[in-house]
Each structure stands twice: as structure tokens, then as C-alpha cells.
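Chemist:
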Amino acid sequence: MKVMAQMSMIMNLDKCIGCHTCSVTCKQAWTNRTGVEYVWFNNVETRPGVGYPRGYEDQEKWGGGWVRTKRGRLKLRSGGRLAKLARIFSNPTLPEIQDYYEPWTYDYDMLLNAPKGQQVPVARPKSLLTGKNMKISWSANWDDNLGGSLETMQDDPILKKMSEEVKAEFEKAFMFYLPRICEHCLNPSCVASCPSGAMYKRAEDGIVLVDQDQCRGWRMCVSGCPYKKVYFNHRTGKAEKCTMCYPRIEVGLPTVCSETCVGRLRYLGLVFYDADRVAEAAAVEDDKALLQAQRDIILDPHDPEVIEAARREGIPDDWIEGAQRSPIWKLMQYEVALPLHPEYRTMPMVWYIPPLSPVVDVVTGSGNDGEDARTLFAAIDKLRIPIAYLAELFTAGDIGPVDAALRRLAAMRSYMRGISIDNERDERIPNAVGMTGTQMEEMYRLLAIAKYEERYVIPSAHNEQAHELEEMACSLDFDGGPGMGGAGPFGSSSGPAVPVAVENFHILADRQTADRPSTPGRVNLMNWDGNGSADGLFPPTAGPVRKTGKRKDPS
Amino acid sequence: MNTLPIILWVAIPYASIAVFIVGHMWRYRYDKFGWTTRSSQTYENRLLRWGSPMFHLGILMVLAGHVVGLLIPREWLYAIGISEETYHFGATTLGTLAAALTLTGFAILIYRRRTVGPVFLATTTMDKVMYVFLGATMLFGTLATIVFQVFGSGFQYRETISPWIRSILGFQPQPELMADVPLLFQLHVLTAFALFALWPFTRLVHVFSAPVGYLFRPYIVYRSRDDGRGAQAPQRGWEAIKTPDPDRLHKL
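Protein chains in written order, with my numbering: chain F, 212 to 766; chain P, 100 to 351.
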């Protein structure tokens, strides 16, 4: 047994209202740069729907993840090492930017500075790839809230797998949101696909990262990931992906998407797993057995043997305690959380609590009591279609675990109503789903009350080495040094890495003056941070004015 | 001896080789982040799917051909039974095939680069300069092959150019060997050395990142937070804590 810690996430889909706050804050924090305009480390899809990039779940087409060979071994779906190298000059399964969407901006400036004319000026959409006018016809969430989905729905890879009857039934709409980040898999196929060895899984917390200095832009990771959560920065020519906000996690803060989630539906915490058994678990024969195999390699952090083994691996005691208090471990214990597409055999570590709301909606819509356990159980039995759809997402098509999770959620709903409205504890309800009343109340507390400190149990990283803080010491070395002020001689962002502090200073200065397509010398107020007086912001004065910063005294 | 041959066949090659070596070392230290293929496949794949493999496979064949033709003395080949005729036939047919592949691929890629909007916008000045020299080198090389090897009686470059290049690499330069080489071959050599001098400052550096190690490493890579430092030396004043030297402590 080799114990390793994994920082993982669980999302409670019942609570997701599809507001995209997680996506927007993530984008602001990580991908608001040239080259990654089309990239959403966090995106929210409406299901049924085609997802982002379009139809990414169709692995026959995209070749992501692993497959089991006849001899019971794992192999990358799009081919092993030699096959990868043979296709390095042109990767046949690489999504083009159009499969995501062509990024654009609007010519906002025209609204203010258009010459006098007959027509009201409009801000036309401009492609961020070519700078030309474009027609917007797709985006990261074009079919949001099933909008326009009659056109695109038939392309949903999950619906394609299901029967004709299901597709017809779709008209009686069921719908839920699926927020997605990188899965930080235990058996990551992107890492296995990287020819340069630039992608790695951090030994301490299992976060999967790309070494930007080592990445050579062979782009095999993009096609290797079945979730299409590794992206190609088309300016720098390097792969980028969700970092699980590791700088925040290291100091004990939740990720940006979790922190800003208004539905408070994300849970973050550690789990321990047995690294020795990952390959074996990922290679079980039956797709439907993968969920159980993955559950089996997750270790109980209260087990003295596991604690002993964890200490042997050098896992510090506060991390062991963190794993014991972890909401992830608890929700996995209640068996209400399920992984996304276990059949890709990557052992994903962002899990989901399937949504009960489609079921409740149908029950209440038909005039019945949506909080009565027996009615809900009956509805779960009857609503085969939404449940089969959920099963295709979370359990490789096995209805059983989805059914069990939904029953527990339904039981919790009516058990807690009994307590708070009728003031009675009907122990038959939790017993019917194999739980005790106490367990049910604890689960209710975690899922419904969802206190900040119970949702996020993040022991901070052990950062004793002083030189880890080096960046704080050297930022001044860079003033005027190479790499300052944007593009180096070899294209955008060449040159050595610029310390974050310095980079931010220049980004701020640039941002105030950069975005002005039609009137040079004018400032885009949208980008003005309130500091300094950029050129053109105020009427000219007698004295010399610096581009940013304080005005110089003329005397 | 004249100055010109010395400049052309001694000075320029050595200067170019020096820039090539030092330039790569400098670039690797200064610009690891910029060291990439800068693939444009995400913009466009229809043309690239044909052009890129053709060009790359062709140029690898060309490289192999040059190694055999330039670096291996013909006596060695005679020794393993490859006669002059066999060599000439093999080199000319394979060489022409490789040239056709490379040039076609190159033409497709240049056409794509110029006509596909996003690809054109992502092209740097350095790229354009490099394409001129790369294109010129390939063109002169192909012309020389066609004129002298395919339609001509066959120029014995293994008596002139090959020993000369080996003399350069062996630091015993013999510029006189290049004196009577046909102009097309001379131009091919000179543009090639210009390309070598440009090499470290272009995207061509990705040649040295050919991921051969991928064949031999385990699939899943683990790293620790502490060893992610790579080649980056600790900043001044932030070196890792060391045990103090007892002698020096004593003096204090």
C-alpha cells in the first residue's frame, strides 16, 4: 500500500443554478489573456447538450482517455508512444479552435467615436483571431438553458447512445447544469500523452499541472484528455489547464470557482488513495465496475493501518487530520457522489452529486407531494429516462448507483421535512436507503447547511523552505530587465518568466492603453483601474504627463 | 591564397557554427518559455494535415541523406559493398523523392501561412526571414541535384564538398576543395550556413526537442513541489538552508 493524498472536489448538481459565476471568475483569474480567449478552465454546460468543446464526449471521434486491451492492459485510446510520435507533425484528433468557438470582442470604441452619420453606430463583433468582422454563431455555452437545442440536441453524444424512445421523450424536457473543471485524475491520460514529459501530477496533492518551461507544444495532451480540459494557448504555443488554483490551495484557500460559487455547491478536500492499485483499478474489465474499483482504492483516513502508511510516506499529521475531516471522504462514504465518465478509465477526482430536481419537478408538476419519500421513490423508479441519462454520465450506464444516490437524496428530503415541519423522526425513511437517522442528519448538514469551513477543508502546504518565497525577493531585479513589457523577440511572451508582481504592474499599465481599435490615443474606460492618468484621459495640460502614474510637477 | 575563399569556406562556416552552438545555449537559458513548435494546427488543419507530415518526413529523409553523403567517407561505403554506381543511383532517386516531398510540403505550408488569416497573423518577422533562407537552401539543393545528378553526368561531391565539410568539422579547413564546386552547390552551402546562424533565434529550435525520451519514460509523471525548480538556480540570498560550517561558527 502506497498512500497518496489527492485534493479533490465534489459538486452538488442539485444546487447549481447555471449562473456561470464560477466560469467568469475563473476566466478573470486565469484566462483573460491573449492566446487563451477561447479557453474556459471552468465551464458550465446545460445537459442534455453538446458541451464544450462541441461533442467532446464522443471518444470514437476525439480519441481521449484509455481503453482496455484484450490482454487486460491499459492503452491510450489514440495510440501508444510510437503512434503518438508518428502523428506528431499533424495530430489527427486535435480539436480545432472552431470546435470550441472563434473568440471575439466588440468594437465598443465605435459607439463613442463614430463620426456623425445617418445611422446609430453599432459595436460590431470582431474576431480575436483575425481582427475582422465576424458572425457569431457558436460559443462556450451556446445551448445554455437548452437555447436553440432543437438544432443541436441530436449531437449530444450521450443522447446518441440512448434509444430512439429517449430522444422523443426529450420533448418533455429535463435539464440540469454540469459545471466542469479539470478532473485531476489519478490515472491522467493527458500526462501519459505528453511527449515532452512536461505534464505531471504533483506528488503531494495530486494536482495535474503543465510545466510551461518544458512544454514544447506537441499538443498530444489536448487530444489525450477525454474531458478536453487541456487547452492550447495559440499565442505562446503551450498547453494550459485548470491548476485547481494551486497558489490558493497551498495557503489553505478554496479555488476561485468554489469561493465564488453562489449556490455553495462545491466541496474541496483531501482523500487518500492507494497509488499501487490505481493501474489495476483502472483496468477492470467491465466499464460498469470502474466506479466500484475507484471507490475501493480510496482509503479510509481513520483506519490506523492507513494512518501508519501515510506517515511512512511522509504525509504530515495535519494533512492526515484534513483527510479525516474531508467533506469529499464523507460524501463518498454516503455514496451520493459519482465520478464523471468513469469509463474513460482515467480515475477522475472531481465527483458529482446527481441532481434530484428533475425528479422532484416532475412529481410536483403532476400535483403530487415532492417531499414525500414514497412518492419520490416511485418517481425515481418511473423516471427511467433522466436516470439513464445520468447513468451514462456518471456510472458508464449502470443505473444502480445513480438510483441509490437519488434515493438517499430523496430520503433526506422527506426525513428532514418530517423533523422540521411535523416534528417527527420517521426512522423508516433512512433505513429504507440503508442509512441511520444520525447519518442522514449529518449528510443534511453537509449538503444543505453547507458551512464554509465544512465545505472546504484544505490543509495548507508545507512551505518551510525559505527559497520557495524567492519571487518576493527578486522582483526588483527585473525592473527594465529582459522580458519586460510584453513580447520578446521570438513572438509573444518569449523570454524568461517574469515575477508575478512585476508582470501585474505592466499588465495594468498596458491594459489602460492597449484596447483601442479605432482611435489611437484614447483610453478605454472599461480598462481604467482608477490609478494614474493615461494619455487622452484628461484634456492636455501645460506640463509633461507620464503615461501612467502621477502627473509631474512642471516647475 | 585569395581572401574570398577563406571568408566563404572557412570564416563563414565557423562563424555560423559558433553562432549556432552559442545561440542555442543562450536561447535555452534565456527563453525556455519561448522554446516551442508554435504549432498553428488549432487554427487550420485541412492543409496542415497534408503539408506538415510531407515537409517533416521529407526533411528527415534529406537529413539522413546528408549524413550519409557528407559525413561518411566513401571508402567506408565501398568497404560495406556500396559501390559508386549503387550510391549514385540510391542517392539520386531517394534524394529526388525526398526533395519532392519536402518542397511540396513546404509549398503547401507557405501557401497556408499566407492565406489562412489567423496563421498569417501569428507569423513573426523571424519566421518570415527563416522561411526565405530555408526555402533558398532547399531550392538550391534541389536545383543542384536536378541539374547535375539527374540530368547531368553527376557531380562528384564526395570528392570535394564532403571532404571539405569534414575538414571544417575536424578543425583542419581545406577551402581549396570548394574552389571548383559548381555555383548551385556553393549557393546551397552558403544559404545553409546562413540558416544555421539564424537557427537558434527561430522556431527551428524545436528540432532539438524531438521527444525521443517519451519512448522510454513511464506514462504517468509525478513531481514534487520542491523539485519543480528545474534548471532555475535559486535567487541570490534565497539558497536553501545549509548546515553551518562548525569551523566558521567557532571563529565567531
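Note that beta-carbon positions come from the ideal geometry of N, C-alpha and C, so glycine has one too.
Let's test the definition: count the other Cβ atoms within 10 Å of the Cβ of Ser138 of chain P and tell me whether it reaches 16, buried, or not, exposed.
Modeler: buried
Chemist: Taking Cβ to Cβ, would you say Ile460 of chain F is nearer than 9 Å to Leu479 of chain F?
Modeler: yes
Chemist: Based on the DSSP secondary-structure assignment, which residues constitute the bridge partners of Ala217 of chain F?
Modeler: Residue identity check: residue 217 of chain F is Gln in the sequence provided, not Ala. Per DSSP, F:Val482.
Chemist: Please decide whether Val779 of chain F counts as near chain P, where near means a Cβ-Cβ distance under 9 Å.
Modeler: Not covered by the structure: residue 779 of chain F. The range shown for chain F is 212 to 766.
Chemist: Name the two residues that bound the continuous alpha helix (DSSP H) containing Glu524 of chain F.
Modeler: Glu524 of chain F -> no alpha helix (DSSP H), and no H or E assigned at all.
Chemist: Rank P:Arg322, P:Ile319, P:Val311, P:Phe300 by C-alpha distance to the C-alpha of Gly122 of chain P and give the top, closest one.
Modeler: Of the listed residues, the one whose Cα sits closest to Gly122 of chain P is P:Phe300.
Chemist: Taking 9 Å as the threshold (beta carbon to beta carbon), is His123 of chain P in contact with chain F?
Modeler: no
Chemist: Val249 of chain P and Thr191 of chain P: beta carbons closer than 9 Å?
Modeler: yes
Chemist: Tell me Leu420 of chain F's beta-bridge partners as DSSP assigns them.
Modeler: F:Tyr411
Chemist: Any C-beta of chain P sitting closer than 9 Å to the C-beta of Asp295 of chain F?
Modeler: According to the sequence displayed, residue 295 of chain F carries Lys and not Asp. At least one CB of chain P lies nearer than 9 Å to the CB of Lys295 of chain F.
Chemist: Suppose only complete runs of 3+ residues qualify. What are the beta strand (DSSP E) ranges in the region 223-263 of chain F, listed by chain order?
Modeler: 254-258
Chemist: Taking contact to mean 3 or more Cβ pairs, one atom from each stretch, closer than 8 Å, check whether the region 295-307 of chain F and the region 504-514 of chain F are in contact.
Modeler: no
Chemist: Straight-line CA distance for Thr466 of chain F to Tyr457 of chain F?
Modeler: 8 Å
Chemist: When you compare the CB positions of Ile630 of chain F and Glu665 of chain F, do they come within less than 9 Å of one another, or not?
Modeler: No, these two residues do not count as a Cβ contact at 9 Å.
Chemist: Could you work out which residue in P:Leu276, P:Trp125, P:Ala291, P:Phe205 is closest to His155 of chain P when comparing CA atoms only?
Modeler: For His155 of chain P, the nearest C-alpha among the options comes from P:Phe205.
Chemist: Determine the burial state of Met277 of chain P: buried for a count of at least 16 other Cβ atoms within 10 Å of its Cβ, exposed for fewer.
Modeler: So Met277 of chain P counts as buried.
Chemist: Check the Cβ-Cβ distances between Lys131 of chain P and every residue of chain F, and say whether any is below 9 Å.
Modeler: yes
Chemist: Closer than 8 Å by beta-carbon distance: list the chain F residues that pair up with His305 of chain P, in chain order.
Modeler: Arg427, Gly428
Chemist: Which residue wins for smallest C-alpha separation from Leu268 of chain P, given the options P:Ala110, P:Ile179, P:Gln285?
Modeler: P:Ala110
Chemist: Should Pro152 of chain P be listed as close to the ligand NAP, given that the test is whether its C-beta is under 8 Å from any heavy atom?
Modeler: As far as ligands go, the structure on display features none, and thus does not contain the ligand NAP.
Chemist: Can you tell me where the beta strand (DSSP E) holding Lys449 of chain F begins and where it ends?
Modeler: 449-452
Chemist: Name the chain F residues that come within less than 7 Å of Gly312 of chain P, Cβ to Cβ?
Modeler: Gly408
Chemist: What would DSSP say about Asn444 of chain F, mapped onto helix, strand or coil?
Modeler: strand
Chemist: Taking Cβ-Cβ distances shorter than 7 Å, what residues in chain P pair up with Phe300 of chain F?
Modeler: Ser151, Pro152, His155
Chemist: Got a sec? Which residues, its chain only, sit under 8 Å from Gly408 of chain F by beta carbon, not counting five neighbours each side?
Modeler: Within the same chain, Gly408 of chain F has close Cβ partners Gln425.
Chemist: Can you name, in chain order, every residue of its own chain whose Cβ lies under 8 Å from the Cβ of Ala114 of chain P, other than the five neighbours on each side?
Modeler: Ala296
Chemist: Please tell me whether Phe777 of chain F and Pro597 of chain F are closer than 9 Å, where the distance is taken between their beta carbons.
Modeler: A question about residue 777 of chain F goes unanswered here, because the residues of chain F that appear run from 212 up to 766.
Chemist: Just the Cα atoms here: how many angstroms apart are Asp416 of chain F and His395 of chain F?
Modeler: 10 Å
Chemist: In terms of residues, what are the limits of the alpha helix (DSSP H) holding Ser400 of chain F?
Modeler: 400-404
Chemist: Using a C-beta to C-beta distance shorter than 9 Å, which residues of chain F count as neighbours of Gly194 of chain P?
Modeler: Near Gly194 of chain P there are no residues of chain F at all, since even the closest Cβ is about 21 Å away, more than 9 Å.
Chemist: Using 8 Å as the threshold, is the region 528-545 of chain F in touch with the region 348-363 of chain F, meaning 3 or more CB pairs across them?
Modeler: no
Chemist: Smallest Cα separation from Gly312 of chain P: which of F:Cys405, F:Ala615, F:Tyr319, F:Arg413?
Modeler: F:Cys405
Chemist: Among F:Gly246, F:Lys541, F:Ser434, which has the Cα closest to the Cα of Met220 of chain F?
Modeler: F:Lys541
Chemist: Relative to the C-alpha of Asp320 of chain F, which residue among F:Ala616, F:Thr454, F:Pro336 is closest?
Modeler: F:Pro336
Chemist: Quick check on DSSP: helix, strand or coil for Arg137 of chain P?
Modeler: coil
Chemist: Taking CB distances under 9 Å as the criterion, tell me whether Gln423 of chain F reaches chain P.
Modeler: yes
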